[in-house]
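Trainee: In the numbering used here, the protein residues as written are 523 to 842.
Idealized CB from N, CA, C, for every residue including glycine.
#1: Mark residue 703 as exposed unless 16 or more other C-beta atoms lie within 10 angstroms of its C-beta, in which case mark it buried.
#2: Taking all protein chains shown into account, do 16 or more other C-beta atoms lie within 10 angstroms of the C-beta of residue 575, making it buried, or fewer, making it exposed?
#3: So which of 830, 559, 766 has the shortest CA-CA distance to residue 709?
#4: Are residue 593 and residue 619 touching if we call contact CB-CB under 7 Å?
#5: Please state the DSSP three-state secondary structure of residue 596.
#6: Can you tell me whether DSSP reads residue 679 as helix, strand or coil?
#7: What would DSSP say about residue 783, mapped onto helix, strand or coil?
#8: If you run the structure through DSSP and keep just helix, strand and coil, what is residue 742?
#9: Can you give, in chain order, each stretch of the alpha helix (DSSP H) that sits fully within the region 626-663 and has at least 4 residues?
#10: I need the straight-line Cα distance from residue 823 to residue 751, nearest angstrom please.
#11: What are the partner residues of residue 665, as DSSP defines its beta bridges?
#12: Using only the heavy atoms of the ligand MG, determine whether one of them is closer than 6 Å to the beta carbon of residue 643.
#13: Since residue 767 and residue 809 should fall inside the 8 Å C-beta cutoff, what is the C-beta to C-beta distance between them, to a whole number of angstroms?
#14: Determine the direct distance from the alpha carbon of residue 762 to that of residue 616, and round the result to whole angstroms.
#15: Which stretch, first to last residue, makes up the alpha helix (DSSP H) that contains residue 591?
#16: Compute the beta-carbon to beta-carbon distance between residue 754 and residue 715, rounded to the nearest angstrom, for a pair I have assumed lies under 8 Å.
#17: Taking only three categories from DSSP, how would you classify residue 776?
#18: Note down the Cα distance separating residue 568 from residue 653, rounded to an integer number of angstroms.
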């Protein structure tokens, strides 16, 4: 009896172990099938997306980007200044025959606006075959003589820089032939002296207070009663806080670096008095608010040069 009972117990224990092993195999098999199905789904999805992307890319290139119907046939280029059409297209790096749909409009606008002489640029597609480029140039209102090396490894040479009303520095467009009228207009711009060479970085804004004050003076002068009466020739910035101005008519005038409108009105009053008394201004100090120290030219001084005619408005920006 004792033997039989023990044998039965051992048999029961073996059946239980076998049952556990069978369940573990079933679970592993089930897990393997699930993993295999998931892998197949992931692989199939990736393959489908890859084929779709490749097919879409191929279709875009063959049906759109390489389609001659969307090739650039007309390049409509306009500027409000003197930059040539060829120069603008060279900066934009586009030409007839390029795909109108494949070109990067933002890249073209960025490349154009990186040029120091360009203030704003816009590029627009006009389907099916036209690209419009519009350029707004910076307008030079003053010039500065500095030094710059033509290229790396070359010695410094005297160079004329130009400055727009905001203080952005420009170089002349050597590749663009200037008309005689444009060249004469550029040569007549006021010359800023006493400027540090570190301020003359083409494409960058001159931040010095003296330069900004001189540019405000030029802008205020062109709207003042003195425009058309005298011409600004040089503005010396080396004696802050005042600006020392020389005119083409032989006047030397000192102005404070603020409230130019009031000082220019006082200048006009002194000028009218000089004309009435048949005198010529030699030196004039407008930086003093209480009075206006003035010194007249001696008798026998040649008559002053006539001033340029007053500008009513700038309908077209000019760059040298």
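Mentor: In short:
#1: With a pLDDT of 47 at residue 703, under the threshold of 50, the modelled position of that residue is not reliable, and the figure given next carries that caveat. Under this definition residue 703 is an exposed residue.
#2: exposed
#3: 830
#4: yes
#5: strand
#6: strand
#7: helix
#8: helix
#9: 627-635
#10: 18 Å
#11: 684, 713
#12: This structure lacks the ligand MG; in fact it carries no ligand of any kind.
#13: About 11 Å; that fails the 8 Å criterion.
#14: 48 Å
#15: Looking at the DSSP string, residue 591 is not in any alpha helix (DSSP H), and its letter there is neither H nor E.
#16: That belief does not hold up - the Cβ atoms of residue 754 and residue 715 are roughly 12 Å apart, past 8 Å.
#17: strand
#18: 38 Å
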